[in-house]
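Heads up: the protein sequence lines correspond to chains A and B, in order.
Residues 699 to 1131, numbered by the working numbering, are exactly what the first sequence covers, in order.
Residues -12 to 285, numbered by the working numbering, are exactly what the second sequence covers, in order.
No residue lacks a Cβ here, since even glycine has one placed at the ideal position from N, Cα and C.
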Amino acid sequence: MTNVTVKKLIEKIEGEAELDFTFNQGEIEDVKINFGFYRGIEEILRGHDAWDALVITPRVCGICNHAHLLAAVRAIENGYENAGLKINLTSKAKAIREFTLSCELIQNHIKWLYMTILPQLEKFVGAVSEENYAIKATYLASTITKALAVFSGQWPHASYAIPGGVTCDPTHLDVMQAQSLVDESIKFFEEVVIGLSIDDYLAMESVSCFSQIHGDFGKLLRLMLVNDMGDKGYSHDRFIVFGDSILAKPGRSIITNVTNVDISCVQENEQKGTVSKAVTYRDKFYEVGPLARGMVAKTPIVRSLHKRFKDSVLSRVFARIHEVALLLDYSKGLLNKLQLDEPSCVLNADVRLNDFDGVGTVEAARGSLIHKTTVRDGVITNYDIITPTQWNLGNSTKAEQGIAIEAMTGSLSIEEATFIFRTFDVCSVCTTQ
Amino acid sequence: MTCQNKPKLLWLQSITCNGNTHSFLNHPELFFILSHFEVVHHPVLDSSYSMEDVIGGIVPCDVLIIEGSFQEEGFLKSGVEVSSIIKHYANKAKHIISVGTCATFGGIFKQKNPEAISGFCFNGEEKTERYSTHASKLISLPGCPMHPRWLSYVLLMISGKKDIPIDNLHRPVELYGYTVHTGCTRNEYFEWKIDTKTFGLKEGCLFYETGCRGPYTRGSCNKILWNDINSKTRAGTPCFGCTEPNYPQESFFRTKTNMGIPDKVPLGVSKRAYLTLTGVAKSFTIQRFTERLMEYDK
Ligand code: SF4
Ligand code: SF4
């Protein structure tokens, strides 16, 4: 049988990707994912002051810059601790960092829902509506990033998290402003995205409740169900989480069995034909991201979904939108409990260590993000960034197919395969750095 | 709705992090502004032509927005040099807007390969060989990223057929006539030379020890607030000078000093005058500046 390979440029993701689809008897048998350009952030960092990573690494990505900031600050803090300087962040600093990270995840997921998934699915199944979904996306995304900016000064590209805490020193007035922005976001989410109250939504624990979801999310779920998205896009059914967050603790889940992780088992491999390096854990590919977090945290509704639909497109999409509800609810609680009388930062600005090795992990929108920094004489001598999309979008090795590739194989059309590809929330800038 | 008379807007990305794209998506009046144009292509918003059409060179273009730094050779999309795509549309366009410090001066990504990577018309402060061809229609909006309202100002001025006054680096003076220091809530501390000493406080200025470049960085970050809410310095983070041609420099969180005096002094002030001023200001002891503005634990 002759194989046919078709090249396709995928756009309107974060950046672009070129996919080579190999068909065998009308079925996709293999895919190569090529990302074009390497910007060399890791190299740029070498020779810089250790703290400069707080400014430079956010420039890896316009949409998850804040996650990079937090990974960078955690890498320095971890390095300081390894060198013997104990850092006890105040609960205030921790809460503010978690709050701002939640806001970033929310804006990401909402943009993905409205600017990628809904329009692409409608196009694919031929049910295009006349709606300007981007208006909804930017309304919620800009509202929640305002709440983020109350603490960080701006979004994108703030550098307000520093070793020992945060630079801001909010007042009650600031907190009130953030609270009302979160309330506004919740209202929009309830009225437009899910069509029911967030409390009722969060009380749902099983797939059997899906019919209660209305709004655009309900519409999306129904479109996916009638188009069999519950049995498309299966990958290896292996999930991993490194960051410690409310969404999940570190761990890995194989089928439904959750065990510990050890970061020293993570390996980066150069790959032919793409500037992105693939990442494996003990030589195996693992999926990262919202579905992974839901599986590792054993979130009831995600588990229920997985029981019925495995690691399908439906489960993957659902898990991401579901996080918006969790994060909105959680961030509201964080603000309510904020202890303004605690210090924002526990290290003095002139406390700098000159020699250390540190690792920072964070759960970014697309999954686990890892930064590793090596500092000698105050200067970065080596910096390693492993992004979530490297886990999900790596090309196949001899031993097994990459996560997204496995999900696309078996598909009968390029349209379907590229939709599956987009369910991973593709970001070429992060993948290549 | 007919788009026939609207200027055609093409947003092209070169070597970038997409930060300017996402910054602009935060603009509260985004769709009102875009309604004055036909968006022929945009990296994430729906548009009338695909990336393949753009690469094919067939897309009409009146206003070209360039995001990301520039490299003559070796950065390809679908096998085509991005530099040739940009040049093709730059020749067609009536207006070219470089958004962000990368597209304008080279920015962070220039550091990877300073010989080969630059802005489109400037390489740092120097003019590139493309400058003479394109300068007459160029507007620079440096910033890492640029502020969304800076771009809306330029777009609405263009659609209203108004002239945009610019400086020698083609930055609109209405936006870059200020320094970041203008409007910072820490100004009183700056005047009396009182540093914050440590991060995480609302009191004190970040100029003397903790690296703030606000007094010599052009930009309206503290006048036109970010996300309509805040700014870096208001949130206690030093200004990193991200709008400037020499961005990024070293040691963002530390002030380079010479015998205790900041190495760089406010824009337009002589060092000697500054020293005199500092001496006088420091001779005052102002009780209220030695205390916290408010104590929550009392
Ligand atoms: S913190 Fe920076 S911008 Fe603010 S007053 Fe001080 S020098 Fe000026
Ligand atoms: S405040 Fe400074 S660092 Fe921030 S955006 Fe403005 S110029 Fe850049």
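- Taking C-alpha positions only, P152 of chain B is separated from Y118 of chain B by approximately 18 Å.
- The shortest CA-to-CA distance from G862 of chain A to any of B:G187, B:R173, B:I211, B:H121 is the one to B:G187.
- Neighbourhood of V758 of chain A in chain B, by CB distance below 9 Å: C4, in chain order.
- Bridge pairing for D1082 of chain A: A:K1070 [DSSP].
- Residues of the same chain with a CB within less than 6 Å of the CB of T1087 of chain A, apart from the 5 flanking positions on each side, are R1064, C1125, C1128, T1129 in chain order.
- With a threshold of 6 Å, the Cβ atom of G201 of chain B counts as near ligand 1, since some heavy atom of the ligand is closer than that.
- Using beta-carbon distances, T197 of chain B counts as an interface residue toward chain A, with a partner under 7 Å.
- Proximity to V50 of chain B across B:G61, B:H28, B:G130, B:E39 peaks at B:H28, based on C-alpha coordinates.
- For Q818 of chain A, the enclosing alpha helix (DSSP H) has its first and last residue at 816 to 823.
- Contact annotation: L752 of chain A and A765 of chain A have beta-carbon atoms that are not nearer than 7 Å.
- CA-CA distance, R757 of chain A to N763 of chain A, rounds to 6 Å.
- Cβ contact annotation for H912 of chain A (same chain, cutoff 8 Å, sequence separation greater than five): I892, G893, L894, in chain order.
- P202 of chain B sits close to H168 of chain B, with the two beta carbons spaced by under 7 Å.
- Look at A715 of chain A here: in three-state DSSP terms it is strand.
- The closest heavy atom of ligand 1 lies 6 Å or more from the beta carbon of H29 of chain B.
- With a cutoff of 7 Å on beta-carbon distance, S65 of chain B and I42 of chain B are scored as near each other.
- Taking 6 Å as the cut-off, the C-beta of L254 of chain B does not count as close to any heavy atom of ligand 1.
- Contacts with chain A at 7 Å (Cβ-Cβ) include M38 of chain B.
- Annotation: I892 of chain A is outside any alpha helix (DSSP H) and is labelled neither H nor E by DSSP.
- Of the candidates B:P47, B:G247, B:N245, B:K180, the residue whose Cα lies closest to the Cα of K(-5) of chain B is B:P47.
- Proximity of the segment 224 to 234 of chain B to the segment 732 to 743 of chain A falls short of the contact definition, fewer than three beta-carbon pairs being nearer than 8 Å.
- For V267 of chain B, the enclosing alpha helix (DSSP H) stretches over residues 258 to 269.
- Per the DSSP secondary-structure output, R950 of chain A pairs in a beta bridge with A:I938, A:T957.
- Of all residues in the segment 157 to 169 of chain B, none is placed with a Cβ closer than 7 Å to any Cβ belonging to chain A.
- Bounds of the alpha helix (DSSP H) holding D881 of chain A are 870 to 886.
- If you draw a straight line from the Cα of P249 of chain B to the Cα of R936 of chain A, it is about 54 Å long.
- Ligand 1 has no heavy atom closer than 6 Å to the beta-carbon of R241 of chain B.
- The shortest CA-to-CA distance from D40 of chain B to any of B:A222, B:A90, B:L(-3) is the one to B:L(-3).
- At least one heavy atom of ligand 1 sits closer than 6 Å to the Cβ of H168 of chain B.
- D1123 of chain A carries a coil assignment under DSSP once its states are collapsed to helix, strand and coil.
- Beta-bridge pairing by DSSP links Y979 of chain A to A:V964, A:K982.
- The Cβ-Cβ distance between L142 of chain B and I53 of chain B does not fall below 7 Å.
- In the pairwise beta carbon analysis, the segment 1016 to 1030 of chain A is classified as not touching the segment 773 to 780 of chain A: fewer than three pairs are separated by under 8 Å.
- For R1120 of chain A, no CB of chain B lies under 7 Å from its own CB, so it is not counted at the interface with that chain.
- A residue is called buried when at least 16 other Cβ atoms come within 10 angstroms of its Cβ; K996 of chain A does not meet this threshold and is exposed.
- Taking non-hydrogen atoms of ligand 1 into account, the C-beta of R173 of chain B is found less than 6 Å away from one of them.
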